[in-house]
Amino acid sequence: MSAAQSMTQSPILEGLSALNRWRQELVGGLHEMAALTADLGLLPSGTMLQLETLAYDTEQDSLRIAFVGEFSRGKTELINALFFSDMGQRLLPSSSGQTTMCPVEIRGAPQGRPGLQLLPIASRSLDVSIEKLKKAGSAWRKFPLSLEDKKERSESLAHLTETVCVAVEDARRIGLCPPLNRTPKSRERTVCPSCGLGKVLIPRWRHAILYLAHPVLDAGLTVLDTPGLNAIGAEPELTFSMLADADAIVFLLGADTGVTQSDLMIWDQYLLRNAHQKQIVLLNKIDALWDELRDWDDIQQEIARQVENTATRLRISPAQVIPVSGQKGLVARIRQDADLLQRSGMAELEQSIVDVLLPARHEAIKNKCRTQIERAVLDQKNILQDQRHRLLAQMESVQSLKDRTAEKIPKLVEQHQLLLKNFEADRQAFEEKKTRFRQAVEEALLIPLAPNSFDLVISNAKAEMLSAWTTAGIVERFRQFFSEAIAHFDRALEGAQKVSAMVAEEYQALQKRYRLPPLRAVPYAMMPRRAELMDMSENYERFGMMLEIAVNTQSAVVRKAFLTVASRTRDFVVETRREAENWVDEIMAVMNQQLQLFHQNAEDELNALQNIATTMGNIDTRVQQLEQNIAEIQAQSDRLDRQSAPLLSLLREPFRPVR
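Okay, so the sequence shown: first residue is 5 according to our numbering, each after it adds one.
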């Protein structure tokens, strides 16, 4: 791309647009596959609903990038430069004295209507997560946002920088000030210069959601702008949920400060927790090193030394550290200054996002969809193949009747009538056993994962957590909580194995007796879910070891940390239980379908034999009917191959930023 093109085209927007086009093609293919699955009627209706749900989730998918760093590292200015320079001015307030005081979530505007929602800081006293509060409109203050009127826009966005003076006791109550018995004597009566004795300055808002109609957001980007270390440590949900759920972390350091102790604390405690995340480290404000009296090569060498030192402190490769100047990059974009853009490092950063983050998101979407799509296609192919083989066997049997005498036909009719009679008796016995099977599912698999059981575990753990005032006590309670949760999972795992063995035993008896197709329903995999829970346990246990800061600030923070962990664990258990129930419903539907299919085929064969017994001339008619049925099944198989091929091709397609 030429310098002129780089000034008029955003590589990030081009990359996001390419990713969005591919995602929309995938969504369209999923809808078509769901419609085809319903039309063919080979699989239970739940499969079609699962494909439609997957299409909806894929369409709602977005690339979530969180910008993390200490105060005054230039996060907000960098966001302005990266995504919103086309507006010709700063979008988010980032001038001197305009520090963002709460996490700001920037996403596309519903129906193209921009707006700002702010969650008051007092909501910290509620034992309700921010994610759940997002569904409670009355909990938020809503402000209109005019993108055309600069003054009105600035006034609305200035809310993001607001603070409020409160009594020390009120700050302590919501976990934003150390408890009195853990406050140094010299600071027991804090004085805020702007508020007076016994007052402290705290953020006015706990969380902000900024809705904008903008091309990069409409193409599937969600941006999280975070405050510094204090906000990260004091808001456990920011650590456990928002940062953990982000696809990528952009970690900002200052070229004017180097890697400080607080920078290292953020990096070690909060950003190395999730192996699945992509991380980009930025050495921002390199323009502080620019000096018109020094040769540019000397400046470049100085920046290279800063990059090397940063990489050494963070224990990463120097190639992972990108030197930039967000402020100069914004100026370069607005003024269309290609030389300044190159010097600011923004072009390299933009390309890194395109080369690293977008392919990773592309691969994550593919991995999420691949198993379910391939399974739906393969299951339908197998069923069609089974039906075709069965019809071919019938045709061979009917053809052989031409060589038999008419005296043998009544005997075959009698044999098929006996077969159907025995099958109906066995099928009825199997239906009666389903009640026992359902009871075993409830007792062995679902009860160990019952939400009320976990609510009791959470309630007991919460009470004990409040009495733990040492890091060791908190770590031990975290460990005990997850030990109890894993014990529930182990009982459910044992139950899943018992249930699987029970249903396999019952079905295999019928399968052997009547040569039914093997049960292709995939057994419910509890072990991977248990492994996920173990990973959660290890991550949260490490966080518990680092909660000394939180303990030293306020027991409310410890309580909120545990409640956030407990809420996510409970949601995880509820999701596992729901998947287990779906598995039970699916396997029962598949068994019913196989039994119904055998019964229908057996009745067809009996009717055919009875017709043949009436007149041997019907043999030719039956052969023609079977040939027609085989042709219809082949047409269905060809249609499945034809319509699934583009969708499967999309799942093999590498990410191409520009088309």
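From the three backbone atoms N, C-alpha and C, an ideal C-beta is built for every residue, glycine too.
Rounded straight-line distance, which links the Cα of A308 to that of P15: 25 Å
Whether Q640 touches L44 by CB criterion (8 Å): Yes, the pair counts as a contact, with Cβ atoms nearer than the cut-off.
Own chain partners of A496 with C-beta closer than 7 Å, once the 5 adjacent residues on each side are dropped: L449, P452, L453 and M530
Close Cβ partners of P97 (< 8 Å) along its chain, the five nearest in sequence each way excluded: Around P97: T80, T104, S158, L161, A162, L164 and T165.
I451 CB to nearest heavy atom of the ligand PLP below 7 Å: As for the ligand PLP, it is missing from this structure, which has no ligand bound.
Burial state of C106, where buried means 16 or more other Cβ atoms lie within 10 Å: buried
Rounded separation between M506 and Q283 - CA only: 47 Å
Three-state secondary structure assigned by DSSP to P207: strand
Bridge-paired residues (DSSP) for I326: Paired residue(s): L286.
G116 classed as buried or exposed, judged by whether at least 16 other C-beta atoms fall within 10 angstroms: exposed
Short Cβ contact (8 Å threshold) for V31 with A70: no
Alpha-carbon spacing of P522 relative to H211, whole angstroms: 53 Å
Beta-bridge partners of K372, as assigned by DSSP: Per DSSP, none; premise fails for K372.
Buried/exposed call for T41, threshold 16 Cβ in 10 Å: buried
T103 - DSSP class collapsed to helix/strand/coil: coil
Distance between D272 and R534 (C-alpha atoms, nearest Å): About 26 Å.
Euclidean distance between Cα positions of L520 and P658: Straight-line measurement puts the Cα of P658 at about 41 Å from the Cα of L520.
Cα-Cα separation, V172 to L130: 19 Å
C-alpha distance - L416 paired with Q614, whole-angstrom precision: One C-alpha to the other measures close to 9 Å.
Bounding residues of the beta strand (DSSP E) (the contiguous stretch that carries D229): Run containing D229: L225 to D229, per the beta strand (DSSP E) assignment.
Coil, strand or helix - K412 by DSSP: helix
Residue from T568, V254, S76 and L53 with nearest C-alpha to I357: V254
With 16 other Cβ atoms within 10 Å as the buried cut-off, status of V203: At residue 203 the sequence reads Lys, which differs from the Val that was named. Buried, because 16 or more other Cβ atoms sit within 10 Å of the Cβ of K203.
Beta bridge counterpart(s) of Q254 as assigned by DSSP: Note that residue 254 corresponds to Val in the displayed sequence, not to Gln. Looking at the DSSP assignment, V254 forms a beta bridge with F71 and I284.
The segment 137–155 / the segment 253–268 touching (three or more Cβ pairs under 8 Å): no
Counted within 10 angstroms of its Cβ, other Cβ atoms place Q403 as buried (16 or more) or exposed: exposed
Three-state secondary structure (DSSP) of Q340: coil
Other residues of its chain near F88: CB distance less than 6 Å, five sequence neighbours each side excluded: L95
Simplified DSSP assignment, three categories, for I732: With the chain running from 5 to 663 in the structure shown, residue 732 is simply not present.
CA nearest to the CA of D267, picked from I290, A315 and A380: A315
Whether F427 touches Y518 by CB criterion (8 Å): Yes.
Simplified DSSP state of A565, which is helix, strand or coil: helix
Cβ-Cβ distance between I490 and L537 below 8 Å: yes
4 or more residues per run - each alpha helix (DSSP H) lying fully within the segment 381–469: 412–444
T51 versus L34, Q647, T62 and Q64, residue with shortest Cα-Cα distance: L34
Cβ shell of E367 (< 8 Å), same chain only, five flanking positions each side left out: F659
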